[in-house]
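Engineer:
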Amino acid sequence: MSQTTVDRPVDTEPPTTTHATDPKGRSITRIVVAVGFALIVAILLLLIFTGSSEESARITIGFSLNSFFLWLGAMNPLIQIPVILAVFGLVVGIILVLIEYAPRPGRGYFVMRLVACLVIPVLAFLLLRPYANAVLYVVAIALLVGALLFFADFRSRQGAGYLFQLVLFMAPASIMLALGLIYPAIATIFKSFYDKSGDQFVGLENYFWVFTNPTGTASVVNTILWALLAPTISVAIGLAYAVFIDRARGEKVLKVLVFMPVAISFVGAGIIWKFMYDARQGEQVGLLNAIVTAFGGDPIQWLAIKPVINTLMLLVVFIWTQTGFAMVILSAAIKAVPTEQLEAAQLDGTNAWQRFRNVTVPGIRSSLIVVLTTITIASLKVYDIVAVMTGGRDETTVLGFEMVNQQQRFQSYGHSSALAVVLFLFVLPLIIYNARSMAKQREIR
């Protein structure tokens, strides 16, 4: 007697929650959140129209951000650190808990969203009330929190909260990027079309000044000179040094000697070399002039000879600080070149130069691009060395220095903004090229 089996369809649909499939319950939830949100906004708007920020500052009940910092400042410094860390950890922990659990479905998570929607604006009001326009800030916080939590409740079905969590995790970095980079860049572009005071529209007049005024022209020419010579010489010296000391005795010590200037800031390097270039009457303090006078020569003003030579003297300082960086990166890249390729090339009868040109250089091409573009960008925005050593005198100014000089010394925001835009246009192609090269390398890997 044979036994027959009947294939039964398998239910592959994911389990759903009652909250996600109950339209009535979801509608009630939305209505409650919307009503609570509207009540908060109504109360805060009532505070705006019934009392000024000075009146709210005189409220003595509750806790404020100002009183917290006064209380913290009265503590011992050794106690302040753990208190700050504890408060910071508490705030971050609450934010992470809300990001993790607020989008989830269920009555308990709905209560969490509702409590957060009510409590956060109240806490914001208590903390910010001593400050001017505090109520306006609280209204903005209430609007933001209410909108986010309403959206979380609307999306609170199985698997629908991940987008919400992703947005919240990206929001702080995105906001800081927008406030610290995107907005200033757009504002700078707009200011470059206005006059010194920023009130009258002048079109491209500031850009004409950059390329026709002697100061603007000198800054552009010197910047181009820096961008061409600094990375080329730094990488050439660093690469040659990395090749010659590769697998040599005392390699680590030799690397440390060249890498040490990298640890020095541009300000420190500028001060060191300013003393080396120093020229004075009588006994010489500067190393170079001490050598010159020891052989019977007269002291030389090394930073006031000719415009091009003055710039080259500043370039020496920058190259001195960047050669070690290039050497370390390229040395690591050289060690990553497969030994089998070098041995195969040697068996083919190639000499050292041919192996270096045909095997080593192609193997470290990506590292060369990164080092070149990095040093080029650093040379384009150089400021410290010029400010410390010459202050832009004797036609040694560059775009990075002149941009700050026009704003701080002459209060010419139009010229300063135009110089900043020109500098940005110089840097932009390098950033795009570097990003594309790195993307190609990732595709190859």
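Heads up: the sequence shown at position 99 corresponds to 314 in our numbering, and the numbers run straight through without jumps. Think of the CB as a built atom: it goes at the ideal place given N, C-alpha and C, for glycine as much as any other residue.
#1: Is it buried or exposed, Met-618, if we count other Cβ atoms within 10 angstroms and call 16 or more buried?
#2: Just how far apart, CA to CA, sit Gly-323 and Val-334?
#3: Please report the distance separating the alpha-carbon of Ala-635 from that of Glu-610.
#4: What first and last residue would you give for the alpha helix (DSSP H) that runs through Gly-485?
#5: Keeping to the same chain, check which residues put their C-beta closer than 7 Å to that of Ile-549; ignore five residues upstream and five downstream.
#6: Out of Ala-654, Ser-631 and Met-653, state which residue places its alpha-carbon closest to the alpha-carbon of Ala-400.
#7: Val-603 to Leu-358, Cα distance in whole Å?
#8: What are the partner residues of Phe-416, as DSSP defines its beta bridges?
#9: What does the alpha-carbon distance come out to for the pair Ile-309 and Val-337?
#10: Between the Cα of Ser-594 and the Cα atoms of Ser-449, Asp-513, Gly-564 and Leu-293, which residue gives the shortest distance?
#11: Which class does Ser-627 belong to by DSSP, given the choice of helix, strand or coil?
#12: How would you write the range of the alpha helix (DSSP H) that Val-543 sits in, first residue to last?
#13: Are Tyr-648 and Thr-565 close, meaning C-beta to C-beta below 8 Å?
#14: Does the segment 435–449 come within contact of the segment 530–541, defined as at least 3 CB pairs closer than 8 Å?
#15: By alpha-carbon positions, which one of Val-330, Pro-292 and Lys-411 ends up nearest to Ser-627?
#16: With hydrogens ignored, establish whether the beta-carbon of Pro-292 is closer than 7 Å to any heavy atom of the ligand ATP.
#17: Cα separation between Pro-292 and Ile-299?
#18: What distance in whole Å lies between the Cβ atoms of Val-507 and Ile-515, which are believed to be in contact at a cut-off of 8 Å?
#19: Provide the residue span of the alpha helix (DSSP H) that contains Val-603, from first to last.
#20: Could you say which of Phe-481, Val-482, Ser-480 and Ala-505 lies nearest to Tyr-492 if we only look at CA atoms?
#21: Thinking C-beta only, is Leu-530 closer than 8 Å to Ile-592?
#22: Taking Cβ positions, are Val-306 and Ser-434 nearer each other than 8 Å?
#23: Can you tell me the Cα-Cα spacing of Val-330 and Val-360, whole angstroms?
#24: Is it buried or exposed for Met-528, if we count other Cβ within 10 angstroms and need 16 for buried?
#25: Determine the contact status of Leu-557 and Arg-570, defining contact as a CB-CB distance below 8 Å.
#26: Which one of Ile-294, Arg-464 and Leu-342 has the shortest CA to CA distance from Phe-283?
#27: Taking the C-alpha atoms as reference points, what is the distance between Gly-607 and Val-532?
#28: Excluding sequence positions up to five away, which residues of its chain have a Cβ less than 6 Å from the Cβ of Thr-605?
#29: Can you list, in chain order, the residues of its chain whose CB lies under 8 Å from that of Pro-553, leaving out five sequence neighbours each side?
#30: Considering Pro-429, what are the terminal residues of the alpha helix (DSSP H) in which it resides?
Structural biologist: With the given structure in hand:
#1: If you number the sequence shown from 1, residue 618 lands on position 403. Under the 10 Å beta carbon count, Met-618 is surrounded by 16 or more other beta carbons and is classified as buried.
#2: Within the sequence shown, numbered from 1, the residue matching residue 323 stands at position 108. Within the sequence shown, numbered from 1, the residue matching residue 334 stands at position 119. C-alpha separation (whole angstroms): 16 Å.
#3: Here the question's residue 635 lines up with position 420 in the sequence shown. Here the question's residue 610 lines up with position 395 in the sequence shown. Approximately 19 Å between the Cα atoms of the pair.
#4: Residue mapping note: residue 485 aligns to position 270 of the sequence shown, counting from 1. 481–492 is the extent of the alpha helix (DSSP H) around Gly-485.
#5: Along the sequence shown, read from residue 1 onward, the residue named residue 549 stands at position 334. Closer than 7 Å at Cβ, skipping near neighbours: Ala-457, Val-458, Asp-461, Thr-575 and Ile-579.
#6: Within the sequence shown, residue 400 is the residue found at index 185, counting from 1. Taking only the C-alpha atoms, the option nearest Ala-400 is Ser-631.
#7: As a position in the sequence shown, residue 603 is number 388, starting the count at 1. As a position in the sequence shown, residue 358 is number 143, starting the count at 1. The C-alpha of Leu-358 is placed about 49 Å away from the C-alpha of Val-603.
#8: Position 201 of the sequence shown, counted from the start, is the residue given in the question as residue 416. Checking the DSSP bridge columns, you'll see Phe-416 partnered with Tyr-409.
#9: The count along the sequence shown starts at 1 and reaches residue 309 at position 94. The count along the sequence shown starts at 1 and reaches residue 337 at position 122. In a straight line, the C-alpha of Ile-309 is about 16 Å away from that of Val-337.
#10: On the sequence shown, residue 594 is found 379 positions in, with the first residue counted as 1. Selected option, being the one with the closest Cα: Ser-449.
#11: The residue given as residue 627 occupies position 412 in the sequence shown. Three-state result, Ser-627: coil.
#12: To locate residue 543, count along the sequence shown from 1; it is residue 328. 522–550 is the span of the alpha helix (DSSP H), which, as asked, contains Val-543.
#13: Residue mapping note: residue 648 aligns to position 433 of the sequence shown, counting from 1. Residue mapping note: residue 565 aligns to position 350 of the sequence shown, counting from 1. Contact flag unset, no.
#14: Because the criterion of three Cβ pairs below 8 Å is met, the segment 435–449 and the segment 530–541 touch.
#15: Within the sequence shown, the letter at position 412 stands for residue 627. Here the closest residue by C-alpha is Lys-411.
#16: For the structure depicted, the ligand ATP is absent and the ligand set is empty, with no information on it obtainable.
#17: For this step, residue 292 is matched to residue 77 along the sequence shown. For this step, residue 299 is matched to residue 84 along the sequence shown. In a straight line, the C-alpha of Pro-292 is about 11 Å away from that of Ile-299.
#18: One-based indexing of the sequence shown puts residue 515 at position 300. One-based indexing of the sequence shown puts residue 507 at position 292. Contact between Ile-515 and Val-507 holds, with the beta-carbon distance rounding to 6 Å and staying under 8 Å.
#19: As a working note, residue 603 is residue 388 in the sequence shown. First-last of the alpha helix (DSSP H) with Val-603: 599–604.
#20: As a position in the sequence shown, residue 492 is number 277, starting the count at 1. Out of Phe-481, Val-482, Ser-480 and Ala-505, Ala-505 has the C-alpha closest to the C-alpha of Tyr-492.
#21: As a working mapping, residue 592 is identified with position 377 in the sequence shown. As a working mapping, residue 530 is identified with position 315 in the sequence shown. Between Ile-592 and Leu-530, the gap from beta carbon to beta carbon reaches 8 Å or more.
#22: In the sequence shown, counting from the first residue as 1, residue 306 sits at position 91. In the sequence shown, counting from the first residue as 1, residue 434 sits at position 219. With respect to the 8 Å criterion, Val-306 and Ser-434 are not classified as neighbours on the basis of their beta carbons.
#23: The residue labelled residue 330 in the question sits at position 115 within the sequence shown. The residue labelled residue 360 in the question sits at position 145 within the sequence shown. Using only the alpha carbons, I get a separation of about 11 Å.
#24: Here residue 528 corresponds to residue number 313 of the sequence shown, with the count starting at 1. A residue is called buried once 16 or more other Cβ atoms fall within 10 Å of its Cβ, and Met-528 is buried on that count.
#25: Locating residue 557 in the sequence shown gives position 342, where the first residue counts as 1. Locating residue 570 in the sequence shown gives position 355, where the first residue counts as 1. Closer than 8 Å, so yes.
#26: One-based indexing of the sequence shown puts residue 283 at position 68. It is Leu-342 whose Cα lies nearest to the Cα of Phe-283.
#27: Locating residue 607 in the sequence shown gives position 392, where the first residue counts as 1. Locating residue 532 in the sequence shown gives position 317, where the first residue counts as 1. Across the structure, Gly-607 and Val-532 are spaced so that their CA atoms are roughly 15 Å apart.
#28: The count along the sequence shown starts at 1 and reaches residue 605 at position 390. Contacts found: Leu-518 and Thr-611.
#29: By 1-based counting over the sequence shown, the position of residue 553 is 338. Hits under 8 Å: Gly-578.
#30: Position 214 of the sequence shown, counting from 1, holds the residue named residue 429. According to the DSSP assignment, Pro-429 belongs to the alpha helix (DSSP H) that extends over 429–459.
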